[in-house]
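In case it helps, our numbering puts the sequence shown at residues 1 to 142.
See below for the structure under consideration.
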Amino acid sequence: MSTIKSGDTVRMHYKGTLSDDSIFDSSEGRDPLEFQAGSGQIIAGLDAALPGMAVGDKKVVNVPVDQAYGHINPDMQQAIPREGIPADIPLELGLQLQMQTPEGHPLPVTVVALDEATVTLDANHPLAGKDLTFDIEIVGIN
1 MSTIKSGDTV RMHYKGTLSD DSIFDSSEGR DPLEFQAGSG QIIAGLDAAL
51 PGMAVGDKKV VNVPVDQAYG HINPDMQQAI PREGIPADIP LELGLQLQMQ
101 TPEGHPLPVT VVALDEATVT LDANHPLAGK DLTFDIEIVG IN
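The structure is reproduced here in structure tokens:
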């Protein structure tokens, strides 16, 4: 029976949860996630747990913050003048917006603070600063 090694194309079903057991992502009802093992296409802590698994294997993988999306970087939070946001956007905490980097690349940001004069935007990944748990099942290896 073939087991996962770096470079293999892997297909797996998964459910990702946070420490409070809330689900942040799942392949339930969708096609399995397909990626190349060891290529950096998935977070490091999950990728490291796969070698040696075979089709049909199931596992619970706990991924600490430093092997997931990293710690929250305060430099990726910035307060901007409220008038810098178009008036037709109803600002509220948790609102996700799309900005552009100086190079023209899309940059998703989240509104994390508001006052009369400023809006604080956070460009950290939404799962930064969080330990993650994945329930996985390997469904294919090529």
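Even glycine gets a Cβ: it sits at the ideal position worked out from N, Cα and C.
The shortest C-alpha to C-alpha distance from ASN73 to any of LEU127, LYS15, ASP135 and THR3 is the one to LEU127.
A distance below 8 Å separates the beta carbons of ALA37 and LYS5. Apart from sequence neighbours up to five positions away, no residue of its chain approaches GLY104 with a beta-carbon distance below 8 Å. Contact annotation: the segment 130-142 touches the segment 68-82, with at least three C-beta pairs closer than 8 Å. Straight across, the Cα-Cα distance linking LEU97 with ASP88 is about 13 Å.
Excluding five sequence positions before and after ILE138, the CB atoms of its chain that fall closer than 6 Å to its own CB belong to MET12, MET53, VAL55 and ASP57, given in chain order. For GLY45, the enclosing alpha helix (DSSP H) begins and ends at 44-47. Between LEU121 and VAL65, the alpha-carbon positions lie close to 21 Å from each other.
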